[in-house]
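If you use our numbering, the sequence shown closes out at 257, no skipped numbers anywhere.
C-beta: ideal position from N, C-alpha, C; glycine also.
Computed from a predicted structure; not experimentally measured.
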Amino acid sequence: MPDLYTPSEPTRLNPQWVDLLRNRLHAERPQFGDMLLERFIHRVFADNLVVESYFQPKLAHMAHPHLANPTGGKVVQLIPMQEAQRAARSAQRMDLLRPYERTFAYAAALVRPCGLFYCAHPFVQKSEGSTQVDTHRARQLMACLLEDAVRDLSRQHHGKGQAMAAVLGLGSMQGDPEQIARIASAVELSQLRLTDLWVPAQGWADPRTSLS
Numbered sequence: 046m047p048d049l050y051t052p053s054e055p056t057r058l059n060p061q062w063v064d065l066l067r068n069r070l071h072a073e074r075p076q077f078g079d080m081l082l083e084r085f086i087h088r089v090f091a092d093n094l095v096v097e098s099y100f101q102p103k104l105a106h107m108a109h110p111h112l113a114n115p116t117g118g119k120v121v122q123l124i125p126m127q128e129a130q131r132a133a134r135s136a137q138r139m140d141l142l143r144p145y146e147r148t149f150a151y152a153a154a155l156v157r158p159c160g161l162f163y164c165a166h167p168f169v170q171k172s173e174g175s176t177q178v179d180t181h182r183a184r185q186l187m188a189c190l191l192e193d194a195v196r197d198l199s200r201q202h203h204g205k206g207q208a209m210a211a212v213l214g215l216g217s218m219q220g221d222p223e224q225i226a227r228i229a230s231a232v233e234l235s236q237l238r239l240t241d242l243w244v245p246a247q248g249w250a251d252p253r254t255s256l257s
C-alpha cells in the first residue's frame, strides 16, 4: 500500500488513499433513484480535499450536550462523514417534508456541512493561518465548493439546480416557495448539531488543549 500522507505535504493524504475513501463514501451513503442528484453528489466529492475533509477526525468532549455522555472528562473522536449522514437522515425524516422531497433533502443535507469540515482540515488551517472554525467562513467556503456542482445541476435540470441553490442559500428563491421553504428548513435544522460540535462555543474548550 502507498504511504498514507504525501511526502511533500504531511497534512494531505496520498491520492490513492483518497480514492479509497471516496469509494467508501459512495458505498456507505444511500444510492439515489434520481440520476441527476447522483451526478450532483459525485461532482461535489470529485474534489480530493473535500473527501479528505469528510474523513478528518474531530475531537470532542464526551460531556458535550450533543454527545450526552456522563463521563465528562473523556474525549471522543468524531468522523465528519458519519455525522453528515446522521444530519442527512434527520433532514430526510422530518415530518414537514412531502415524501417526494425527502431524497432531495438528504442530498442537500449531506453536502451542506462541506464548508464546516473544510475549515477544520489541517491543510486549510495551515494555508489560511488560522485554526478557528466559524460559521461565516464555513458558509463562504461552502458556496465556493458547491458552485460548480450546483451550476452543473442547473444545466442538466434548471428547476432542480435553482432549487438546490435556494435550499443551500446560494441563490434567490425560484420555483415553489413553500416547497423550497420546507426543504431548506429541514436541511438547516439538521445542521444545528454539526455546527454545535464543530464551532467552539463559550464554555467548551478545544479538547486538544486538555490533552497537552
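query	result
Assigned secondary structure, THR51 (DSSP; H/G/I helix, E/B strand, else coil)	strand
Cβ pair GLY216, ALA183 closer than 8 angstroms	no
Residues bridged to LEU104 [DSSP beta-bridge criterion]	GLN122
Start and end residues, alpha helix (DSSP H) containing ASN59	Taken as a continuous stretch (DSSP letters only), ASN59 belongs to no alpha helix (DSSP H), as it is neither H nor E.
Boundaries of the alpha helix (DSSP H) in which GLN170 is found, first to last residue	167-173
Contact belief for LEU198 with TYR163 at Cβ below 8 angstroms, rounded distance in angstroms	About 20 angstroms separates the two Cβ atoms, so there is no contact after all.
Expected contact under 8 angstroms - CB spacing of MET126 and PHE168 to nearest Å	Not quite, the Cβ-Cβ distance comes to about 17 angstroms (not below 8 angstroms), so this is no contact.
Outcome for HIS203 when other beta-carbon atoms lying within 10 angstroms are tallied against a minimum of 16	exposed
Reduced DSSP category for GLN201 - H, G, I as helix; E, B as strand; rest coil	helix
Nearest candidate by alpha-carbon position, reference ASN93, set LYS103, VAL120 and LEU70	LEU70
Nearest-angstrom Cα separation, counted from ASP221 out to VAL121	42 angstroms
Own chain, CB closer than 7 angstroms to VAL63, minus 5 neighbours either side, in chain order	ASN93, VAL96 and GLU97
Separation of TRP243 from PRO115, as counted between CA atoms	Note that PRO115 scores a pLDDT of 49, beneath 50, so its modelled location is shaky and nothing firm can be said.
8 angstroms Cβ cutoff met for ALA152 and PHE90	no
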